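Mapping of the sequence shown onto mature numbering (1 follows the signal peptide of the UniProt record, and there is no 0): residues -24 to -1, 1 to 229, in sequence order.
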Amino acid sequence: MASLRTLLLAGIACTTLAAPVVFAQPAAAQTQVASATAATRFIGEREISRRIADMVKQRNGGRPVEINFHGMGNELEVPAGTAAFQIDEFSYDSRSGRFYGTVASATASIKVSGRAQVVEAIPVLKGRITAGQVITRNDVEWLQVPANRYGAGFIDRFDDLIGQTPRRPLAAGMPIRTSDIGKPEAIAKNSLVTMVAQAPGLTITTTGRAMESGSIGDVVQVLNMQSKRAIQATVTGMNLVQVITAPNIIASN
């Protein structure tokens, strides 16, 4: 009986010794790892491109630029809580827009290269506009495009679009040619219009027929329905013209 008890106690002792022993990591070691992680941060293309853009603008007269890197894949390690980095050995060719340099912090550095392209803002449509629809301020927004890509023949002033109408459907976000738009048509060819002739102390109105289409401010030919004579008139509103010739002509039969 004593031998059996001895064997059981020995087995329990062996099992206890074979169990894995886990040591708790000291609090100081955990704090050290966390501190090392918090001591640095990483910056990427966005922050670096802003710094390069500022440097390029100092050399090109302050014109805005768009920065495109050539395959930049690495981020730069910098001390946490700061934006302490600098760009060394920076080179920029104003003709081609190409640049290269070394972005360095207190702990690391990376090589960068790419192209800085001068850009300008042009007005474009926010949404599709159909032919004949009048363009309002709410229809227009600014778009940054490479400078000199859209020169003569393209709209570059915001107000040049307001109050105009497309001659054909225009898509959103696309540069607009001056030939794509025009003044809204106020009178249509062969439509009936009100003719107004004025002289000191005298105003005469009658009905005429437009012999051609026109926008406000255009001079068009209008047929006097009474005299059957063609009269020059200035378009002043929707289906409204101001006779240029003397009032007695509009009144004659």
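Note that CB positions come from ideal geometry on N, CA and C, so glycine has one too.
Values in this document were obtained by computation on a predicted structure and should not be read as measured data.
Exercise for the section: Quick one: grab the DSSP three-state call for Glu161. Expected result: DSSP places Glu161 in strand when its eight states are reduced to three.
Problem - Counterpart residues of Gly213 in DSSP-defined beta bridges - result: In the DSSP output, where bridge partners are listed per residue, Gly213 has Leu216.
Handout entry: Whether Asp115 touches Ile105 by CB criterion (8 Å)
Key = Yes, the pair counts as a contact, with Cβ atoms nearer than the cut-off.
Problem - Alpha carbon of Gly177 to alpha carbon of Thr210, nearest angstrom - result: Distance between the alpha carbons of Gly177 and Thr210: 20 Å.
Practice task
Classify Gly37 as buried or exposed, calling it buried when 16 or more other Cβ atoms lie within 10 Å of its own Cβ.
Solution key: Here Gly37 is exposed: its Cβ has fewer than 16 other Cβ atoms, across all protein chains shown, within 10 Å.
Problem - Inside the region 56 to 86 only - beta strand (DSSP E) runs reaching at least 3 residues - result: 62 to 68 and 74 to 80, all fully within the region 56 to 86.
Problem - Rounded C-alpha distance that separates Asn215 from Ile98 - result: Cα atoms of Asn215 and Ile98: separation of roughly 34 Å, rounded to the nearest angstrom.
Practice task
Please name the residue in Arg205, Ala173, Ala15 and Ile24 whose C-alpha comes closest to that of Ser85.
Solution key: Cα-wise, what sits closest to Ser85 is Ile24.
Exercise for the section: Assign Asp156 to one of two classes, buried (16 or more other C-beta atoms within 10 Å of its C-beta) or exposed (fewer than that). Expected result: Around the C-beta of Asp156, 16 or more other C-beta atoms lie within 10 Å, and the residue is accordingly described as buried.
Problem - Three-way DSSP call (helix, strand, coil) for Glu188 in this model - result: Here DSSP, grouped into helix, strand and coil, assigns Glu188 to coil.
Practice task
Can you grab the Cα-Cα spacing for the pair Gly184 / Arg125, in whole Å?
Solution key: Going by the C-alpha atoms only, they are around 47 Å apart.
Problem - C-beta atoms of Gly158 and Thr141 nearer than 8 Å - result: Between Gly158 and Thr141, the C-beta gap is smaller than 8 Å, which places the two residues in contact.
Practice task
Measure from the alpha carbon of Ala29 to the alpha carbon of each residue in Gln109, Asn50 and Gly77, then state which is nearest.
Solution key: Of all alpha-carbon atoms in Gln109, Asn50 and Gly77, the one lying nearest the alpha-carbon of Ala29 is that of Gly77.
Exercise for the section: Would you identify the three-state DSSP class for Asn36, choosing helix, strand or coil? Expected result: In the three-state reduction of the DSSP assignment, Asn36 falls in the coil class.
Problem - For Thr16, the residue or residues it bridges with in DSSP - result: In the DSSP assignment, the residues bridged to Thr16 are Pro55.
Exercise for the section: Measure the Cβ-Cβ separation of Ile152 and Leu146 and say whether it is below 8 Å. Expected result: Yes, Cβ-Cβ distance for Ile152 and Leu146 is below 8 Å.
Problem - DSSP bridge partner residues for Arg26 (one or two, in chain order) - result: For Arg26, DSSP assigns no beta-bridge partner whatsoever.
Practice task
Report the option in Glu42, Val41, Ser89 and Ser72 whose CA atom is closest to the CA atom of Ile63.
Solution key: Out of Glu42, Val41, Ser89 and Ser72, Ser89 has the C-alpha closest to the C-alpha of Ile63.
Practice task
Identify every residue that forms a DSSP beta bridge with Arg153.
Solution key: Its beta-bridge partners are Phe130.
Handout entry: Bounding residues of the beta strand (DSSP E) (the contiguous stretch that carries Asn200)
Key = Counting along the chain, the beta strand (DSSP E) containing Asn200 begins and ends at Val195 to Asn200.
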